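Below is one structure, written out as structure tokens; comments come after it.
2 protein chains.
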Amino acid sequence: MPLSRTTRCNCIQISNRSVNPKSLEKLELIPASESCPRFEIIATMKKSGEKRCLNPESKAIKNLLKALRNERSKRAP
Amino acid sequence: MPLSRTTRCNCIQISNRSVNPKSLEKLELIPASESCPRFEIIATMKKSGEKRCLNPESKAIKNLLKALRNERSKRAP
Numbered sequence: 379m380p381l382s383r384t385t386r387c388n389c390i391q392i393s394n395r396s397v398n399p400k401s402l403e404k405l406e407l408i409p410a411s412e413s414c415p416r417f418e419i420i421a422t423m424k425k426s427g428e429k430r431c432l433n434p435e436s437k438a439i440k441n442l443l444k445a446l447r448n449e450r451s452k453r454a455p
Numbered sequence: 379m380p381l382s383r384t385t386r387c388n389c390i391q392i393s394n395r396s397v398n399p400k401s402l403e404k405l406e407l408i409p410a411s412e413s414c415p416r417f418e419i420i421a422t423m424k425k426s427g428e429k430r431c432l433n434p435e436s437k438a439i440k441n442l443l444k445a446l447r448n449e450r451s452k453r454a455p
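Line by line, the protein sequences are chains A and B.
Sequential numbering from 379 applies to the first sequence in this note's numbering.
Sequential numbering from 379 applies to the second sequence in this note's numbering.
So this is what it looks like as structure tokens:
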């Protein structure tokens with residue numbers, strides 16, 4: 379029974395909401411694997427330490443990745 | 379003396395080499411902050427647990443992000 383096999387995904391709820399790059403502590407990208415068939419993206423927030431799962435397909439995540447790159451070039455000349 | 383201020387970057391050496399997405403445990407994206415002026419990308423490898431700092435500007439990292447997204451859609455129909 380393939381369904382009885384426990385999968386170990388990190389995310390239960392996945393958000394499409396945007397994340398402010400300034401409030402972001404880090405972003406973890408976890409590839410699909412044998413233990414979880416989904417590509418997962420977990421955002422850790424700065425002050426609260428709250429972890430939020432983001433939808434890899436969402437526009438929000440594409441904008442976030444872009445913002446991170448720009449942020450870097452602004453602050454590290 | 380601004381140079382005497384300790385910065386807490388995670389990366390000392392940064393690689394431009396490519397990483398096989400199948401050997402990747404996870405990828406951490408750490409935005410520039412007060413403690414480190416650089417945007418850092420840390421790859422954790424599956425078997426060895428080895429951590430490798432990647433250059434956010436490199437072609438390798440752009441290809442890796444693209445591969446992760448494709449990997450997901452292949453394995454999770």
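Backbone N, C-alpha and C define an ideal beta-carbon position, used for all residues, glycine too.
On a predicted model such as this, the values are computed, not experimentally measured, just so you know.
Going by beta carbon distance, what residues of the same chain come within less than 6 Å of Lys440 (chain B), once the five residues before and after it are set aside?
For the purposes of this step, residue 440 (chain B) is taken as the residue at position 62 of the second sequence. So the list is empty, once near-sequence residues are dropped.
Kindly list, in the order they appear in chain A, the residues whose Cβ is closer than 7 Å to that of Ile408 (chain B).
Sequence index remark: in the second sequence, residue 408 (chain B) carries index 30 (1-based). Lys404, listed in chain order.
If you follow the beta strand (DSSP E) that Lys429 (chain A) is in, where does it begin and where does it stop?
Position 51 of the first sequence, counted from the start, is the residue given in the question as residue 429 (chain A). Where Lys429 (chain A) is concerned, the enclosing beta strand (DSSP E) stretches over Lys429 to Leu432.
Interface partners of Leu446 (chain B) on chain A, CB under 7 Å
Reading the second sequence from its first residue, position 68 is the one you call residue 446 (chain B). Those are Leu407, Pro409 and Phe417, listed as they occur along chain A.
Just mark Glu428 (chain B) as buried or exposed, buried being the case when its beta carbon has 16 or more other beta carbons within 10 Å.
Taking the second sequence and counting its residues from 1, the one referred to as residue 428 (chain B) is at position 50. With a 10 Å radius around the Cβ and a threshold of 16 neighbouring Cβ atoms, Glu428 (chain B) comes out exposed.
Identified DSSP bridge partners for Met419 (chain A)
Taking the first residue of the first sequence as 1, we reach residue 419 (chain A) at position 41. Inspection of the sequence shows that residue 419 (chain A) is occupied by Ile rather than by Met. Its beta-bridge partners are A:Leu407 and A:Leu432.
For Leu407 (chain B), which option in B:Asn394, B:Met423, B:Arg447 and B:Pro434 has the closest C-alpha, if you only look at C-alpha atoms?
As a working mapping, residue 407 (chain B) is identified with position 29 in the second sequence. The candidate whose alpha carbon is nearest that of Leu407 (chain B) is B:Pro434.
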